[in-house]
Amino acid sequence: MDGVLVHEGKALPGAADFVRTLREAGRPFLILTNNSIYTERDLRARLRAAGIDVPEGAIWTSALATAQFLADQVPGGSAYAIGEAGLTTALYEAGYTLTETDPDYVVLGETRTYSFEAITRAVRLIQGGARFIATNPDVTGPSAQGDLPATGAVAAMITAATGRSPYFVGKPNPMMFRSALNRIDAHSETTAMVGDRMDTDVVAGIEAGLQTFLVLTGSTQEHQVETFPFRPGAVVPSIQDLTPLI
130 MDGVLVHEGK
140 ALPGAADFVR
150 TLREAGRPFL
160 ILTNNSIYTE
170 RDLRARLRAA
180 GIDVPEGAIW
190 TSALATAQFL
200 ADQVPGGSAY
210 AIGEAGLTTA
220 LYEAGYTLTE
230 TDPDYVVLGE
240 TRTYSFEAIT
250 RAVRLIQGGA
260 RFIATNPDVT
270 GPSAQGDLPA
280 TGAVAAMITA
290 ATGRSPYFVG
300 KPNPMMFRSA
310 LNRIDAHSET
320 TAMVGDRMDT
330 DVVAGIEAGL
340 QTFLVLTGST
350 QEHQVETFPF
360 RPGAVVPSIQ
370 DLTPLI
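Numbering (our numbering), first residue to last: 130 to 375.
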């Protein structure tokens, strides 16, 4: 999503046309994001405000992938969640009970208001036997004033206090893409991933067996591609260069 379709709330050139062409061609697709703060409804509204119209069902977040993973692991389980509506809603809709008492899992997601009290409770629950899950390993997130500490940074603090590392569900874990494939009943051999980061999008796409395209409208710049030990299937200036391939 960010760096491919939108940047700072504004659509990137050709993004709306790319999505419109996918829909007109009847091609199943998902828009992925590691951000676990927002629900699909929230993100649909944000995309629509940027001029990109997609149904809620075409959005797949690390929160949704995490909730699906937990529902597969321990159906009808319980969790103590640190995060916003995107995470808590996903867990609830996956049949999970949110509790502060003896949960199966501590689930860490993104929030703009990490509290010392909530982190302390998470530490004690993990020390008491709860399994530790995090939506994504991103250590910083963007803001108008600069970087903010994100899920990965807070997870590192909890790990230092407990000696327990979390299982990260979101990118670069290919689990994120495999759950997305299952969501739209797609197969890796006939699916492509379009991303803007070599260290999360492209590596996860390769490990999930997808064809990969790197666009240069986000995090990774062209001169940086050669510094990685793997390569995308193709590097293109922006998403608008891929519309003719649909």
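Backbone N, C-alpha and C fix where the C-beta goes; we use that ideal spot for every residue, glycine too. These figures come from a predicted structure and were not determined experimentally.
Which residue comes first and which comes last in the beta strand (DSSP E) that contains residue i?
| i | result |
| --- | --- |
| Ala210 | Ser207 to Ile211 |
| Ala263 | Arg260 to Ala263 |
| Tyr234 | Tyr234 to Leu237 |
| Val365 | Ala363 to Val365 |
Provide the residue(s) that pair with residue i in DSSP beta bridges, ordered along the chain.
| i | result |
| --- | --- |
| Thr190 | Thr162 |
| Met322 | Thr341 |
| Val135 | Asp131 and Ala140 |
| Gly270 | Leu277 |
| Ala196 | According to DSSP, Ala196 bridges with nothing at all. |
| Thr226 | Ser207 |
| Tyr296 | Ile262 |
Is the beta carbon of residue i sitting closer than 9 angstroms to the one on residue j?
| i | j | result |
| --- | --- | --- |
| Ile211 | Thr190 | no |
| Gly132 | Thr346 | yes |
| Ser244 | Thr226 | no |
| Ala284 | Pro266 | yes |
| Thr269 | Leu277 | yes |
| Asp231 | Gly205 | no |
| Phe297 | Val332 | no |
| Gln353 | Ala144 | no |
For the alpha helix (DSSP H) containing residue i, list its first residue and its last residue.
| i | result |
| --- | --- |
| Val283 | Thr280 to Thr291 |
| Val203 | Unbroken run through Val203: none, as it is neither H nor E. |
| Asp171 | Glu169 to Ala178 |
Can you tell which of the options has its C-alpha closest to the C-alpha of residue i?
| i | options | result |
| --- | --- | --- |
| Ala196 | Ala282, Gly215, Ile166 and Ala223 | Ala223 |
| Tyr209 | Arg177, Leu254, Gly334 and Pro278 | Leu254 |
| Thr217 | Asp201, Asp231, Thr230 and Leu237 | Leu237 |
| Glu137 | Ser348, Asp370 and Ala315 | Ser348 |
| Ile313 | Ile188, Ile368 and Arg170 | Ile188 |
* Three or more C-beta pairs closer than 8 angstroms, one from the stretch 139 to 159 and one from the stretch 247 to 263: is that the case here? -> no
* Just checking, does the stretch 309 to 320 make contact with the stretch 284 to 296 on the three C-beta pairs under 8 angstroms criterion? -> no
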